[in-house]
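Below is one structure; the comments refer to it alone.
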Amino acid sequence: MSEPSEALGWRSVGDLVGHHPDARVALIGAPLNERSLTPGRCDLGPKALRGVLPRLSTYDVETGLELDIKVHDAGDVALKAVSPFDAFEPVRDAVAAQAHRDLTILVGGNNAITRPGVHALGLAKGLSSVGVLTLDAHFDLRDTDQGLTNGNPIQALLDDGLDGHRISQVGLAPFANTRRAHEKAEGSGISVRTARECRQRGLANVVVEELERLSSLCEVIYVDFDIDVIDRSQWPASPGARPGGVSVHDFFDAARAIGACSKVRAVDLTEYDPSLEVGDLGSLTAGRWFCEILAGVAAR
Ligand SMILES: [Mn+2]
11 MSEPSEALGW RSVGDLVGHH PDARVALIGA PLNERSLTPG RCDLGPKALR GVLPRLSTYD
71 VETGLELDIK VHDAGDVALK AVSPFDAFEP VRDAVAAQAH RDLTILVGGN NAITRPGVHA
131 LGLAKGLSSV GVLTLDAHFD LRDTDQGLTN GNPIQALLDD GLDGHRISQV GLAPFANTRR
191 AHEKAEGSGI SVRTARECRQ RGLANVVVEE LERLSSLCEV IYVDFDIDVI DRSQWPASPG
251 ARPGGVSVHD FFDAARAIGA CSKVRAVDLT EYDPSLEVGD LGSLTAGRWF CEILAGVAAR
C-alpha cells in the first residue's frame, strides 16, 4: 500500500505553509552548522522538514482536529559557514521580525541557534521577561571561554544574565553529562528533570508542570526541542541521541502541550542531521513534531 500524497488529493500540512503575511505562526529555517561538537549536517534540517510536510495530512484521526492554521514561511537565515558568534544577530533579528505572531517556529541547525532565539523574545521587555524550557538529553552548560558551540547555549544565556530560575531542563540522560554541569545547573537555580523522571511521571506531565512554573515567573517562554532527547532507536538522525531517551509518543504529546501554552512565543528544533537519516524516520518525526506544535496552537 502506498502512502497518500498531494497527488491523491489530500490536503497536506505543506499546503498550510507559504507566503501568508497575516498568519498566526511563522516558520524560519536556521541552517547553522558551524562549531558542532560532533561534525555533521544539521544545516540540512530546514530543507528536510519542509520537504516532508506534503506527506502529512491536516487531519488528526485521534481527536477529530482538522489543522487549519496558516504558517508564514519567512525563509532561511543565510548561515552558510557562519559561526555561532556571527549567527547571533541575524538569527535574533529574524525571530524578532516575526515576534508579533502567536508563535515562531525556528528550525535548525545546531543547538547554538537557541541563544539568539531567546534573545529575540527578550528584545521587547528584556531578558528577565523570558523563560526557557529545554527538552534535551544534555545541559548544554559547557564553558564558553573557547567560544560559542552547540554545547553551551544555556551557559551563554546564564552569562548573558538570564536568571537560572527562569530555566527548566527536561530529559537529561545518564552518562551523557558531567557532574560539573549538573552542579552548575542546580547552583544557578535551573529546574532539572531527568529522563527517568519523564518516563515514570510522563514527559507531558513534567513539561506542563514546568510550563506552569515558568508562566508564574515570566511573560513569555521559549522552548528548545533538542531532538536528541528522543530515544536513539526512534531517532537516529542526531549525533547526540542515546538509547534510553524519551519515546516519540511522549515527545509528540509534549510538543502539543507546549504549542497550546499561550505564553510560548517561539520554539526551536535543533540537532536534526538528515545525513544520519534511516528510512525517513528523522524527517517524518520532525514533520509530526511540526503538526503537533500547530495542533497545540489551534487549541489556544
Ligand atoms: Mn542540546
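For the sequence shown, our numbering assigns the number 11 to the initial residue and increments by one for each residue that follows. C-beta: ideal position from N, C-alpha, C; glycine also.
Asked	Found
For V140, the nearest candidate out of D263, G132 and V62 (CA to CA)	G132
P253 classed as buried or exposed, judged by whether at least 16 other C-beta atoms fall within 10 angstroms	exposed
Buried/exposed call for P94, threshold 16 Cβ in 10 Å	buried
Entirely enclosed beta strand (DSSP E) segments - the stretch 216-280, minimum 3 residues	230-236 and 274-280
Cα-Cα separation, V71 to L77	11 angstroms
Assigned exposure category for Y282 - 16 Cβ within 10 Å defines buried	buried
Per DSSP, cross-strand counterpart(s) of A36	H82 and T114
N- and C-terminal bounds of the beta strand (DSSP E) containing V140	V140 to L145
CB-CB length for L167 against R45, believed under 8 angstroms	Between R45 and L167 the Cβ distance is about 16 angstroms, and since that is not below 8 angstroms, they are no contact.
Proximal residues to L213 (C-beta, below 6 angstroms), its chain only, five neighbours per side dropped	V256, D260 and A264
Cβ neighbour criterion (16 or more within 10 Å) applied to R190	exposed
Cβ pair count under 8 angstroms reaching 3, the stretch 80-97 against the stretch 120-137	yes
Bridge partners - E76, DSSP secondary structure assignment	Y69
heavy atom of ligand 1 below 7 angstroms from N121 C-beta	yes
Three-pair Cβ contact test at 8 angstroms for the stretch 282-301 versus the stretch 142-149	no
F262 classed as buried or exposed, judged by whether at least 16 other C-beta atoms fall within 10 angstroms	buried
Beta strand (DSSP E) segment containing V202, residue limits	S201 to T204
Residue burial classification, F185 (beta-carbon count within 10 angstroms, cutoff 16)	exposed
Continuous beta strand (DSSP E) assignments of at least 3 residues falling wholly in the stretch 125-192	140-145 and 177-182
Contact test: D146 Cβ vs ligand 1 heavy atom, cutoff 7 angstroms	yes
heavy atom of ligand 1 below 7 angstroms from D150 C-beta	yes
Contact belief for F149 with A195 at Cβ below 8 angstroms, rounded distance in angstroms	5 angstroms
G5 in three-state terms, based on DSSP	Because the chain spans 11 through 310 in this model, residue 5 falls outside it and cannot be assessed.
A84 versus L37 - alpha carbon distance	6 angstroms
DSSP three-state assignment for M11, whether helix, strand or coil	Model confidence at M11 stands at a pLDDT of 43, short of 50, so the residue's coordinates are unreliable and nothing is read from them.
Candidates A309, G19 and R275, of which the one nearest L116 by Cα	R275
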